[in-house]
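One gets the numbering used here by counting positions in the sequence shown from 1 and adding 2 to each.
Backbone N, C-alpha and C define an ideal beta-carbon position, used for all residues, glycine too.
Notes for the one structure printed next.
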Amino acid sequence: MPDGKKGMKYNEWAANKSESSKKAQLRKDINQTIRIVSTYSEFLAFMEAKGYEIKNAEFGENSRKYITFRSPDMSRPVRGSAKSLGKNFTKERIKERIENKRQKAIFPSVHNKLIDTNAPNIAGNIGLQKWANKENLKIVSAEYNKMLTHNLHNFSELEDRIALLHMQQKEVNTSVVSLESQIRHLREMLKYAKQYQKNKIYDDHYKSSKDPDRYFRKYESQIILFAGAEHILQENGIDLKHLNSNKLQAQIADLISRKESLNTQYVSFKQEIKELELIHQNLSKYLKQDAPKIQRFSHNKLPSL
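Okay, structure coming up:
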């Protein structure tokens with residue numbers, strides 16, 4: 003046990019140590035998620051896919067100040083505040099970090115971008131034009147080779163692949179939305195299942211009590227909570243005779259795992275679309291064709307480079 007903590011009970015010290023560890027993992031998950039998402043809503047979806055229950059994530063006059071995160075192994079939610087997690091983990095700062103990353107994406111470096119040979123500082127200089135043409139040829143050659151690594155040989159195949167990826171990305175997104183709905187529903191059922199099991203003993207004693215009125219007055223809140231949970235579970239087709247909270251928790255974990263897998267696919271599709279669309283853009287520009295018009299040449303193979 004650390005120095006200065008002799009007056010602290012071991013279980014208190016262990017609990018504090020565990021809480022610090024879980025906060026460190028939460029910071030790590032937040033940082034990793036920010037790196038792979040493009041929007042704040044994507045961030046929330048990915049964090050939920052990692053198993054976190056998120057509340058107060060919205061912005062506005064009626065919204066609460068702090069976002070909260072809670073993983074299945076956390077005893078209570080953790081606030082996204084400067085005091086709890088650090089100044090980079092408030093919802094405002096998280097959104098800002100994502101938007102700053104998007105700004106960098108909007109203004110990418112010139113690497114792998116074709117040089118505009120019609121620019122005023124190049125068009126009138128033969129030496130610069132030769133240099134620019136040579137650099138552009140290198141870039142296009144590299145882009146064409148990248149396309150070949152995807153087993154694509156012409157614009158038709160390139161565009162078909164991009165269209166297919168967009169379709170697969172949409173299908174994955176639809177599946178993720180469906181899984182999110184199922185996860186929310188099961189979490190709600192798990193909450194009421196625990197409420198039902200916790201308070202059932204009070205209802206049993208109430209029904210067998212010799213003085214039910216007196217017993218009800220004493221344990222009114224527990225009995226009402228039981229009745230409410232029982233009603234909701236029955237309304238949702240839950241078999242109360244075989245109610246198993248652990249089974250519900252396992253079903254939730256399975257859905258979260260499937261959702262994480264789909265989110266990984268979504269990111270993979272997104273990255274490939276980005277790469278292929280840049281290839282299409284550069285090759286189209288080099289051949290002096292606008293992207294919408296390139297379909298006229300979609301069945302022609304690209305020239306040898």
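Are there 16 or more other CB atoms within 10 angstroms of the CB of residue 278, so buried, or fewer, so exposed?
buried
Apply the 10 Å Cβ neighbour rule to residue 149 and answer buried if 16 or more other Cβ atoms are within range, or exposed otherwise.
By the neighbour-count rule (16 or more Cβ atoms within 10 Å), residue 149 is buried.
Candidates 267, 95, 238, 87: closest to residue 172 by CA position
267
Run of the beta strand (DSSP E) containing residue 78, from where it starts to where it stops:
In the DSSP assignment, residue 78 falls outside any beta strand (DSSP E) and carries neither an H nor an E.
Is residue 88 near the ligand ATP, going by C-beta to nearest heavy atom under 7 Å?
Annotation note on the ligand ATP: not contained in the displayed structure, which lists no ligands.
Count the other C-beta atoms from every protein chain shown that fall within 10 angstroms of the C-beta of residue 242, then say buried if there are 16 or more, exposed otherwise.
exposed
What are the residues that DSSP puts in a beta bridge with residue 225?
Residue 225 pairs with nothing; no bridge assigned.
Measuring alpha carbon to alpha carbon, tell me which of 53, 262, 83, 177 ends up nearest residue 67.
83
Assuming residue 117 contacts residue 138 under a Cβ cut-off of 8 Å, what Cβ separation, rounded to an integer in Å, is found between them?
6 Å
Cβ-Cβ separation, residue 167 to residue 274 (assumed contact under 8 Å), whole Å
6 Å
Do residue 248 and residue 227 count as a contact pair if the criterion is CB distance below 8 Å?
The answer is no: Cβ separation not under 8 Å.
Work out the CA separation of residue 56 and residue 190 for me, nearest whole Å.
So the alpha carbons of these two residues sit roughly 14 Å apart.
On the three-state DSSP scale, how would you describe residue 6?
Residue placement at residue 6 is poorly supported in this model, since its pLDDT is 48, which falls under 50; the coordinates still yield a value, given next. Reduced to three states, the DSSP call for residue 6 is coil.
Please name the residue, chosen from 75, 65, 124, that lies closest to residue 25 on a Cα-to-Cα basis.
Of the candidates 75, 65, 124, the one whose C-alpha sits nearest the C-alpha of residue 25 is 75.
Could you check whether residue 52 and residue 182 sit closer than 8 Å to each other, using their CB atoms as the reference points?
For residue 182 and residue 52, no; Cβs fall outside 8 Å.
Would you kindly report the start and end of the unbroken alpha helix (DSSP H) that includes residue 275?
247-288
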